[in-house]
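K.L.:
Whatever position you read off the sequence shown (first residue = 1), add 119 for my numbering. Supplied in structure tokens, the structure appears directly below.
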Amino acid sequence: MAKRKKTSKKHHPTKRTLKLRRGEQPLKDKSESSRNDIQLINSALRGNQSSYDQLMKKYHDQIANLILRIIHQREQVEDLTQEVFIKAFSSLKHFDEKYAFSTWLYKIATNSSIDYLRKKKLSTFSINKPIEREETDSTFELPDSSYIPDKHIIQKQRITLLQEAIEKLPEKYRRVIVLRHTEERDYREIAKILNLPIGTVKAHIFRARELLNKYLRHKISHY
Numbered sequence: 120m121a122k123r124k125k126t127s128k129k130h131h132p133t134k135r136t137l138k139l140r141r142g143e144q145p146l147k148d149k150s151e152s153s154r155n156d157i158q159l160i161n162s163a164l165r166g167n168q169s170s171y172d173q174l175m176k177k178y179h180d181q182i183a184n185l186i187l188r189i190i191h192q193r194e195q196v197e198d199l200t201q202e203v204f205i206k207a208f209s210s211l212k213h214f215d216e217k218y219a220f221s222t223w224l225y226k227i228a229t230n231s232s233i234d235y236l237r238k239k240k241l242s243t244f245s246i247n248k249p250i251e252r253e254e255t256d257s258t259f260e261l262p263d264s265s266y267i268p269d270k271h272i273i274q275k276q277r278i279t280l281l282q283e284a285i286e287k288l289p290e291k292y293r294r295v296i297v298l299r300h301t302e303e304r305d306y307r308e309i310a311k312i313l314n315l316p317i318g319t320v321k322a323h324i325f326r327a328r329e330l331l332n333k334y335l336r337h338k339i340s341h342y
């Protein structure tokens, strides 16, 4: 009997397409940015003032924007932004390189903003635009009201009510809502910024939405 020739099958690797969430950068870009930040940090720690300047120039606008969205007081933003960088640079030797420098800065900025609001006993910001949702996300919306026919007045009224509702939230819920719905941060980054487990972040967001909806339904029903 003739022997059958063995044919070797070539296995071609299956191509996988990685989908990026909104706002995320490809891993390569993130790594390059992180490596550059670490180089600047090490240089700054050796006393190179130019490295401090480069880090501040790179992240100044991002931090200022985050602070503005939390405190809603434009005149205070620059002072708080400077304070954040002073705190960061003063503690630079304690920076853990396994985390992104931007995440570390966001954490400092968030805590500084919350401290400012606590001192001033003021916390006003609005959630006025939809965001792309993750699988476990849900939304909260103000109930429609036909009490006032003018659409502009209705929208203004809704935003005012939402601001009031946010002010009523406990601090731990208010922080996650700011990061999720104004900064559009994903759960992992919020967890890093606030130093919380992802499960806790999701639970806080879920509970915050429940409280917001309850408050808003109560207020709308009295119109």
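Note that CB positions come from ideal geometry on N, CA and C, so glycine has one too. Quantities reported herein were computed from a predicted structural model and do not represent experimental measurements.
Within its chain, find whatever has a CB closer than 8 angstroms to the CB of Val320; leave out the 5 residues flanking it on each side and keep chain order.
P.N.:
Translated into the one-based positions of the sequence shown, residue 320 becomes position 201. These residues qualify, in order along the chain: Val295, Tyr306, Ile309, Ala310 and Leu313.
K.L.:
With a Cβ-Cβ cutoff of 9 angstroms, do Phe208 and Tyr178 count as a contact?
P.N.:
Within the sequence shown, numbered from 1, the residue matching residue 208 stands at position 89. Within the sequence shown, numbered from 1, the residue matching residue 178 stands at position 59. In this structure, Tyr178 does not lie closer than 9 angstroms to Phe208 by Cβ.
K.L.:
Considering only the alpha carbon of each residue, which of Ser152, Leu187 and Ile157 lies closest to Leu236?
P.N.:
Reading the sequence shown from its first residue, position 117 is the one you call residue 236. Minimum Cα distance to Leu236 is reached at Leu187.
K.L.:
If the criterion is Cβ atoms closer than 9 angstroms, does the pair Ala219 and Asp156 meet it?
P.N.:
Here residue 219 is taken as the residue at index 100 of the sequence shown, counted from 1. Here residue 156 is taken as the residue at index 37 of the sequence shown, counted from 1. Cβ distance < 9 angstroms, so Ala219 and Asp156 count as in contact.
K.L.:
Could you check whether Ser231 and Glu202 sit closer than 9 angstroms to each other, using their CB atoms as the reference points?
P.N.:
Within the sequence shown, residue 202 is the residue found at index 83, counting from 1. Within the sequence shown, residue 231 is the residue found at index 112, counting from 1. Closer than 9 angstroms, so yes.
K.L.:
Return the Cβ separation of Lys287 and Tyr225 in integer angstroms, given the expectation that the two are a contact with Cβ distance under 8 angstroms.
P.N.:
Here residue 287 refers to the residue found at position 168 when the sequence shown is read from its first residue. Here residue 225 refers to the residue found at position 106 when the sequence shown is read from its first residue. At roughly 25 angstroms, the Cβ-Cβ gap does not stay under 8 angstroms, so Lys287 and Tyr225 are not in contact.
K.L.:
Out of Ile233, Gln168 and Leu211, state which residue places its alpha-carbon closest to the alpha-carbon of Ile190.
P.N.:
Position 71 of the sequence shown, counted from the first residue, corresponds to residue 190. Nearest option by C-alpha distance: Ile233.
K.L.:
Which stretch, first to last residue, makes up the alpha helix (DSSP H) that contains Asp172?
P.N.:
Reading the sequence shown from its first residue, position 53 is the one you call residue 172. Note, Asp172: alpha helix (DSSP H), Gln168 to Ile190.
K.L.:
Taking 7 angstroms as the limit between beta carbons, can you name the residues of its chain near Ala228, skipping five residues before and five after?
P.N.:
Locating residue 228 in the sequence shown gives position 109, counting from the first residue. Same-chain partners within the cutoff: Ile182, Leu185, Ile186 and Val203.
K.L.:
Once the 5 residues before and after Val196 are set aside, which same chain residues still bring their CB inside 6 angstroms of it?
P.N.:
Taking the first residue of the sequence shown as 1, we reach residue 196 at position 77. Hits under 6 angstroms: Ala183, Ile186 and Leu187.
K.L.:
Going straight from the alpha carbon of Ala322 to that of Pro316, what length do you get?
P.N.:
Taking the sequence shown and counting its residues from 1, the one referred to as residue 322 is at position 203. Taking the sequence shown and counting its residues from 1, the one referred to as residue 316 is at position 197. When rounded, the distance between both Cα atoms is 10 angstroms.
K.L.:
How long is the line joining the alpha carbons of Trp223 and Ser210, rounded to whole angstroms?
P.N.:
Locating residue 223 in the sequence shown gives position 104, counting from the first residue. Locating residue 210 in the sequence shown gives position 91, counting from the first residue. So the alpha carbons of these two residues sit roughly 11 angstroms apart.
K.L.:
Tell whether a beta-carbon distance below 9 angstroms holds between Leu281 and Leu331.
P.N.:
For the purposes of this step, residue 281 is taken as the residue at position 162 of the sequence shown. For the purposes of this step, residue 331 is taken as the residue at position 212 of the sequence shown. Yes.
K.L.:
For a test of your reading of the model: does the CB of Ile233 fall under 8 angstroms from any non-hydrogen atom of the ligand NAD? Yes or no.
P.N.:
Absence of the ligand NAD is noted for the structure shown, with no ligands found whatsoever.
K.L.:
Nearest to Lys239 by CA position, among Ser221, Gln192 and Ile205, is which residue?
P.N.:
For this step, residue 239 is matched to residue 120 along the sequence shown. Lys239 has its Cα closest to that of Gln192, out of Ser221, Gln192 and Ile205.
K.L.:
Give the straight-line distance between the Cα atoms of Phe325 and Lys291, rounded to the nearest whole angstrom.
P.N.:
As a first step, residue 325 must be located in the sequence shown, where it is residue number 206. As a first step, residue 291 must be located in the sequence shown, where it is residue number 172. Near 12 angstroms, if we compare the C-alpha coordinates of Lys291 and Phe325.
K.L.:
Secondary structure at Lys206, three-state DSSP: helix, strand or coil?
P.N.:
Residue numbering aside, residue 206 sits at position 87 when the sequence shown is read from its first letter. Lys206 falls in the helix class under three-state DSSP.
K.L.:
Cα separation between Ala284 and Thr200?
P.N.:
Against the sequence shown, residue 284 aligns to sequence position 165. Against the sequence shown, residue 200 aligns to sequence position 81. Going from the Cα of Ala284 to the Cα of Thr200 covers about 27 angstroms.
K.L.:
Please check the pair Lys212 and Leu159, which I expect to be a contact at CB under 8 angstroms, by giving their CB distance rounded to whole angstroms.
P.N.:
By one-based count along the sequence shown, residue 212 stands at place 93. By one-based count along the sequence shown, residue 159 stands at place 40. So it is not a contact: roughly 14 angstroms between Cβ atoms.
K.L.:
Helix, strand or coil, according to DSSP, for Phe220 in the structure here?
P.N.:
Position 101 of the sequence shown holds residue 220. Of the three classes helix, strand and coil, the one that applies to Phe220 here is helix, per DSSP.
K.L.:
Going by alpha carbons, who is nearest to Arg154 out of Gly166, Glu216, Asp198 and Lys176?
P.N.:
On the sequence shown, residue 154 is found 35 positions in, with the first residue counted as 1. The shortest C-alpha separation from Arg154 is found at Glu216.
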